[in-house]
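Trainee:
Protein chains: 4
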Amino acid sequence: MSLIVQPINCTLKSDPKAKSSTDAMIGVLAGEMKKFSAEIAPTIRIAAHNVLPGVTSDEGPGDGWPAIRTAILAADILVFGTPIWMGQPSSVAKRVLERMDAFLDETDEAGRMPSYSKIAVCAVVGNEDGAHNVCAQVFQALNDVGWTIPPVGGCYWVGEAMGDTDFQDLKAMPRMVTKTAKMVAANASHLAALLKDNPFPG
Amino acid sequence: MSLIVQPINCTLKSDPKAKSSTDAMIGVLAGEMKKFSAEIAPTIRIAAHNVLPGVTSDEGPGDGWPAIRTAILAADILVFGTPIWMGQPSSVAKRVLERMDAFLDETDEAGRMPSYSKIAVCAVVGNEDGAHNVCAQVFQALNDVGWTIPPVGGCYWVGEAMGDTDFQDLKAMPRMVTKTAKMVAANASHLAALLKDNPFPG
Amino acid sequence: MSLIVQPINCTLKSDPKAKSSTDAMIGVLAGEMKKFSAEIAPTIRIAAHNVLPGVTSDEGPGDGWPAIRTAILAADILVFGTPIWMGQPSSVAKRVLERMDAFLDETDEAGRMPSYSKIAVCAVVGNEDGAHNVCAQVFQALNDVGWTIPPVGGCYWVGEAMGDTDFQDLKAMPRMVTKTAKMVAANASHLAALLKDNPFPG
Amino acid sequence: MSLIVQPINCTLKSDPKAKSSTDAMIGVLAGEMKKFSAEIAPTIRIAAHNVLPGVTSDEGPGDGWPAIRTAILAADILVFGTPIWMGQPSSVAKRVLERMDAFLDETDEAGRMPSYSKIAVCAVVGNEDGAHNVCAQVFQALNDVGWTIPPVGGCYWVGEAMGDTDFQDLKAMPRMVTKTAKMVAANASHLAALLKDNPFPG
Numbered sequence: 000m001s002l003i004v005q006p007i008n009c010t011l012k013s014d015p016k017a018k019s020s021t022d023a024m025i026g027v028l029a030g031e032m033k034k035f036s037a038e039i040a041p042t043i044r045i046a047a048h049n050v051l052p053g054v055t056s057d058e059g060p061g062d063g064w065p066a067i068r069t070a071i072l073a074a075d076i077l078v079f080g081t082p083i084w085m086g087q088p089s090s091v092a093k094r095v096l097e098r099m100d101a102f103l104d105e106t107d108e109a110g111r112m113p114s115y116s117k118i119a120v121c122a123v124v125g126n127e128d129g130a131h132n133v134c135a136q137v138f139q140a141l142n143d144v145g146w147t148i149p150p151v152g153g154c155y156w157v158g159e160a161m162g163d164t165d166f167q168d169l170k171a172m173p174r175m176v177t178k179t180a181k182m183v184a185a186n187a188s189h190l191a192a193l194l195k196d197n198p199f200p201g
Numbered sequence: 000m001s002l003i004v005q006p007i008n009c010t011l012k013s014d015p016k017a018k019s020s021t022d023a024m025i026g027v028l029a030g031e032m033k034k035f036s037a038e039i040a041p042t043i044r045i046a047a048h049n050v051l052p053g054v055t056s057d058e059g060p061g062d063g064w065p066a067i068r069t070a071i072l073a074a075d076i077l078v079f080g081t082p083i084w085m086g087q088p089s090s091v092a093k094r095v096l097e098r099m100d101a102f103l104d105e106t107d108e109a110g111r112m113p114s115y116s117k118i119a120v121c122a123v124v125g126n127e128d129g130a131h132n133v134c135a136q137v138f139q140a141l142n143d144v145g146w147t148i149p150p151v152g153g154c155y156w157v158g159e160a161m162g163d164t165d166f167q168d169l170k171a172m173p174r175m176v177t178k179t180a181k182m183v184a185a186n187a188s189h190l191a192a193l194l195k196d197n198p199f200p201g
Numbered sequence: 000m001s002l003i004v005q006p007i008n009c010t011l012k013s014d015p016k017a018k019s020s021t022d023a024m025i026g027v028l029a030g031e032m033k034k035f036s037a038e039i040a041p042t043i044r045i046a047a048h049n050v051l052p053g054v055t056s057d058e059g060p061g062d063g064w065p066a067i068r069t070a071i072l073a074a075d076i077l078v079f080g081t082p083i084w085m086g087q088p089s090s091v092a093k094r095v096l097e098r099m100d101a102f103l104d105e106t107d108e109a110g111r112m113p114s115y116s117k118i119a120v121c122a123v124v125g126n127e128d129g130a131h132n133v134c135a136q137v138f139q140a141l142n143d144v145g146w147t148i149p150p151v152g153g154c155y156w157v158g159e160a161m162g163d164t165d166f167q168d169l170k171a172m173p174r175m176v177t178k179t180a181k182m183v184a185a186n187a188s189h190l191a192a193l194l195k196d197n198p199f200p201g
Numbered sequence: 000m001s002l003i004v005q006p007i008n009c010t011l012k013s014d015p016k017a018k019s020s021t022d023a024m025i026g027v028l029a030g031e032m033k034k035f036s037a038e039i040a041p042t043i044r045i046a047a048h049n050v051l052p053g054v055t056s057d058e059g060p061g062d063g064w065p066a067i068r069t070a071i072l073a074a075d076i077l078v079f080g081t082p083i084w085m086g087q088p089s090s091v092a093k094r095v096l097e098r099m100d101a102f103l104d105e106t107d108e109a110g111r112m113p114s115y116s117k118i119a120v121c122a123v124v125g126n127e128d129g130a131h132n133v134c135a136q137v138f139q140a141l142n143d144v145g146w147t148i149p150p151v152g153g154c155y156w157v158g159e160a161m162g163d164t165d166f167q168d169l170k171a172m173p174r175m176v177t178k179t180a181k182m183v184a185a186n187a188s189h190l191a192a193l194l195k196d197n198p199f200p201g
């Protein structure tokens, strides 16, 4: 049985056609995940949808979150892609995390949130510095609302301090990025398959 | 000469009439600041404006940021108010910080960002836990883009772990909140006055 | 087959007989884990040993880390207990994390760190505020060096903002702490058993 | 009147003769500060002293902290130097911060901590990633206990993601590091002089 992977891209660029380094990193990770028979759903560019501020699963007319929520929860693995701004996750990434706060009140009869038995990993890029803090903030928030984090759950690239090179403009893929992507993909896939067959009992 | 204080409220509630605990904390802090002859500008509720995603000072038609930016930079002290969600600053707070990233490229002939010689403090509330991390994330980002942080720059309240009481519903103002607000106000006012008369030379 | 749980206490108090709120929280969590047939090893109070600064697995004569490292890696679940100081993990907790940095170079022929297929959870206490940031910093660091984090991987208690009550002095165990401890224990035990039988292939 | 600058180095290397990239960064920053007539005290390598765990200003016989505390408080500017390990400040840096927690109870008759009217800046180096988080954690903790943070209060260098180059081994000083060091030095010196002449009234 194939695993379903749902990548989301929390870039600040709302135009779906605007090039995104975060998309490039998601692509590297998705490429490795395919080798584990995973089916990769089309990446959802969050800023292209109208995700309203709030902490419920439906903030009313025009809210783009309910459809995104459905897509995320239909998958086995969430690839949480975000750029780094000021050493931190983007405001769009924070918006997504806040909307998942509702999971705390959406437990089933066994006390399980809708994210239980599902895997989340990070794909992070920036011109310089901040990837570890992004993973820290994102892992803590995702873990609070029920996601499982596999070992080495983050794949990232940043350039030298105070540099301004974009990941998508690199002439060659850094060897360490490819190596890390393989590890993230292998670990996420193994754990997702295990938990799909043996979900948390609650 | 009177100091001007500009509070912003990064609540997720976009309706200006919706009650906000962050407003309540801003009120406590503003009340103390008035004692130092500060003039308190009306609080800007960020979510009531259409602050577009991006890292420039004007993201085009409909962008609510340029007017807010002008108001913030007309003041001597910024009171950065934000609720805590998932132990972190709100997505609205992150949006504001990202828009200030543009300050890095807006230096004057002496290399000074528009925020130089201005003071920023935090007003933070949550049902439970997260105030220190909010201050850490906000102070680091604000400091990167030129703001000065006075000693004891954060006034906050959170309830006991995993509680659900709102600050605005407390029957009495906690003594420690009032005490801290006095310190934040005194320190911010002293430093703002000093820097107004003696700005950074760049 | 019984799971082995190894708690560590990163309190600043080096005297093993000094009472510790972190021990109290570890006790709550261990009590719940016993219900899942886990064998709880005696808590290691890190500050009572001479864990030298460094990032290798053996920093030479007198180093207390090698024995602790052996005990931790003999277990299936690590309960990482730490107090909060200034909204952050203790210096003793940071020391432990740094010593695990060596895992990155201790991979087996399949590229697996010694922590692979093992579970880590947090037990965190403080007078006030900081639990989410402690979990963020600790989860990110542990995840970097190969540990798997189950959903709802942190059990914590803090009092109201700027309070000074110790967890060990509470007259009654807060209901939410017990509820969370049950979730952490159930999730950690389920995942540890799964991974013990089906380790990451690397 | 000359300003006194006290650098501390929170490297994990306790041998004072062991070369340290953190020392190299402190040197860059101190070199710029000298241009503002500052007197630079010899760097204190914290790990070479026996700073005991605890949150008081004197943890008893053999404690190296009291002498370091005296040196720090005799200065006008603290240069807080720390390496990055796992994207975070070192355990030695955390130890220093914890010992400053005692300042909260050491206020004078006007409610001022011993750190009031003094400036703190960061000098941070790592092989890769983490500088922004180090500044966030350090600024928040220092600010809690009374230090003032000037704009652009951190000077840092890290290499490309997952790299292993040491700052002290760079063939040329990166232009951006020098530029940032000048800004940090200018801002810290201006603010320290202002506050020395016009201390916080409390």
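As you go down the protein sequences, you meet chains A, B, C and D in turn. Per numbering that gives the first Met the number 0, the very first residue in the first sequence carries number 0; after that it's consecutive. Per numbering that gives the first Met the number 0, the very first residue in the second sequence carries number 0; after that it's consecutive. Per numbering that gives the first Met the number 0, the very first residue in the third sequence carries number 0; after that it's consecutive. Per numbering that gives the first Met the number 0, the very first residue in the fourth sequence carries number 0; after that it's consecutive. By construction, the Cβ of each residue, glycine as well, lies at the ideal position given by its N, Cα and C atoms.
Any residues in the segment 37-71 of chain B with a beta carbon nearer than 7 angstroms to a beta carbon of chain A? Which ones, in chain order?
Mentor: Answer set for the segment 37-71 of chain B: Ala46, Pro52, Gly53 and Val54.
Trainee: Can you check whether the CB of B/Val120 is closer than 8 angstroms to the CB of B/Val157?
Mentor: Against a cut-off of 8 angstroms, the Cβ pair of B/Val120 and B/Val157 comes out as no contact.
Trainee: Between D/Cys134 and D/Gly80, which are expected to be in contact by the criterion C-beta below 8 angstroms, what is the C-beta distance as a whole number of angstroms?
Mentor: Wrong, their Cβ atoms sit about 12 angstroms apart, outside the cutoff.
Trainee: Identify which residue in D/Gly30, D/Lys170, D/Arg94 and D/Ala122 has its Cα closest to the Cα of D/Gly152.
Mentor: Comparing Cα positions, the closest option is D/Ala122.
Trainee: With distances taken between CB atoms, is the gap from B/Ala191 to B/Ile76 smaller than 8 angstroms?
Mentor: It is a contact, given that the beta carbons lie within the stated cut-off.
Trainee: What are the complete beta strand (DSSP E) segments, minimum 3 residues, inside the segment 116-157 of chain C?
Mentor: As far as the segment 116-157 of chain C is concerned, its whole beta strand (DSSP E) runs of at least 3 residues are 118-127.
Trainee: Give a yes or no on whether the C-beta atoms belonging to D/Phe138 and B/Asn126 are separated by under 8 angstroms.
Mentor: Taking 8 angstroms as the Cβ cut-off, D/Phe138 and B/Asn126 do not qualify as a contacting pair.
Trainee: I'd like to know whether the C-beta atoms of B/Val27 and B/Ala180 end up nearer to each other than 8 angstroms.
Mentor: In contact: B/Val27 and B/Ala180 (Cβ atoms closer than 8 angstroms).
Trainee: Could you check the C-alpha separation between B/Phe199 and B/Ile118 for me, to the nearest Å?
Mentor: Computed Cα separation, rounded: 12 angstroms.
Trainee: Over what stretch of residues does the alpha helix (DSSP H) that includes B/Thr81 continue unbroken?
Mentor: Looking at the DSSP string, B/Thr81 is not in any alpha helix (DSSP H); the run it does join, the beta strand (DSSP E), is Ile76 to Trp84.
Trainee: Measuring only the C-alpha atoms, how far is A/Asp128 from A/Leu96?
Mentor: A/Asp128 and A/Leu96: Cα-Cα distance of roughly 22 angstroms.
Trainee: Any beta carbon of chain A sitting closer than 8 angstroms to that of D/Trp156?
Mentor: Yes, D/Trp156 lies at the interface with chain A (some Cβ there is under 8 angstroms from its Cβ).
Trainee: Please work out which residues of its chain come closer than 7 angstroms, Cβ to Cβ, to C/Asn186, disregarding the five sequence neighbours upstream and downstream, and give them in chain order.
Mentor: Pro149, Pro150 and Val151.
Trainee: Extract the residue ranges of the alpha helix (DSSP H) inside the segment 16-58 of chain C, only unbroken runs of 4 or more that lie entirely within it.
Mentor: Listed in chain order, the complete alpha helix (DSSP H) runs (minimum 4 residues) inside the segment 16-58 of chain C are 20-33.
Trainee: Within the 8 angstroms Cβ cut-off, does A/Gln139 reach chain C?
Mentor: Yes, because at least one Cβ of chain C sits closer than 8 angstroms to the Cβ of A/Gln139.
Trainee: With DSSP as the reference, label D/Asn197 as helix, strand or coil.
Mentor: It is coil, neither helix nor strand.
Trainee: Excluding sequence positions up to five away, which residues of its chain have a Cβ less than 6 angstroms from the Cβ of B/Gly32?
Mentor: Sequence check: residue 32 of chain B is Met here, not Gly. If we look at B/Met32 and ignore the five residues flanking it on each side, its Cβ neighbours are Val4 and Ala184.
Trainee: So what's C/Leu2 in DSSP terms, helix, strand or just coil?
Mentor: C/Leu2 falls in the strand class under three-state DSSP.
Trainee: Under 8 angstroms between C-beta atoms, does A/Ala160 make it to chain D?
Mentor: Yes - at least one Cβ of chain D is within 8 angstroms of the one on A/Ala160.
Trainee: Can you check which of these residues, B/Glu105, B/Ser89, B/Ser36 and B/Ile25, is closest to B/Val54 by C-alpha distance?
Mentor: When each option's Cα is compared against that of B/Val54, the closest is B/Glu105.
Trainee: With 16 as the cutoff for other CB atoms within 10 Å, does A/Pro52 come out buried or exposed?
Mentor: That one is buried.
Trainee: Taking Cβ-Cβ distances shorter than 8 angstroms, what residues in chain B pair up with C/Asp104?
Mentor: By Cβ distance, chain B contributes nothing, its closest Cβ being about 30 angstroms from C/Asp104, past 8 angstroms.
Trainee: Relative to the alpha-carbon of C/Asp62, which residue among C/Leu72, C/Ala74 and C/Ala46 has its alpha-carbon at the smallest distance?
Mentor: Checking every option, the nearest Cα to that of C/Asp62 belongs to C/Ala46.
Trainee: CB D/Ser188 to CB D/Leu2, shorter than 8 angstroms?
Mentor: Yes, Cβ-Cβ distance for D/Ser188 and D/Leu2 is below 8 angstroms.
Trainee: Going by C-alpha to C-alpha distance, which of B/Asp22, B/Met24 and B/Arg94 sits closest to A/Lys12?
Mentor: Looking at the Cα atoms, B/Arg94 is the closest of the given residues.
Trainee: Does C/Leu2 get closer than 8 angstroms to chain A when you measure Cβ to Cβ?
Mentor: No, C/Leu2 does not count as interfacial toward chain A.
Trainee: How about A/Met175 and D/Met85: are their beta carbons less than 8 angstroms apart?
Mentor: The answer is no: Cβ separation not under 8 angstroms.
Trainee: Residue range of the alpha helix (DSSP H) that B/Ala70 falls in?
Mentor: Taken as a continuous stretch (DSSP letters only), the alpha helix (DSSP H) holding B/Ala70 covers Trp64 to Ala73.
Trainee: Please decide whether D/Gly86 counts as near chain C, where near means a Cβ-Cβ distance under 8 angstroms.
Mentor: Judged by the 8 angstroms Cβ criterion, D/Gly86 is in contact with chain C.
Trainee: Expressed to the nearest angstrom, what Euclidean distance is found between the alpha-carbon atoms of C/Pro82 and A/Ala40?
Mentor: So the alpha carbons of these two residues sit roughly 42 angstroms apart.
Trainee: Determine whether the beta carbon atoms of C/Val124 and C/Thr42 lie at a separation below 8 angstroms.
Mentor: Going by C-beta atoms, C/Val124 is not nearer than 8 angstroms to C/Thr42.
Trainee: Is there a Cβ from chain A that is less than 8 angstroms from the Cβ of D/Gly129?
Mentor: Interface residue, yes.
Trainee: Note down, in chain order, each residue of its chain lying with its Cβ closer than 7 angstroms to the Cβ of A/Asp163, except the 5 sequence neighbours on either side.
Mentor: Counting only Cβ-Cβ distances below 7 angstroms, and skipping sequence neighbours, we find Asn126.
Trainee: Shorter than 8 angstroms from the beta carbon of B/Lys16 to some beta carbon of chain A?
Mentor: Not closer than 8 angstroms to any Cβ of chain A, the Cβ of B/Lys16 fails to qualify, so no.
Trainee: Strictly under 8 angstroms for the Cβ-Cβ distance: is C/Met175 near chain B by that measure?
Mentor: Interface residue, yes.
Trainee: Note the first and the last residue of the continuous alpha helix (DSSP H) segment covering B/Met112.
Mentor: Unbroken run through B/Met112: none, as it is neither H nor E.
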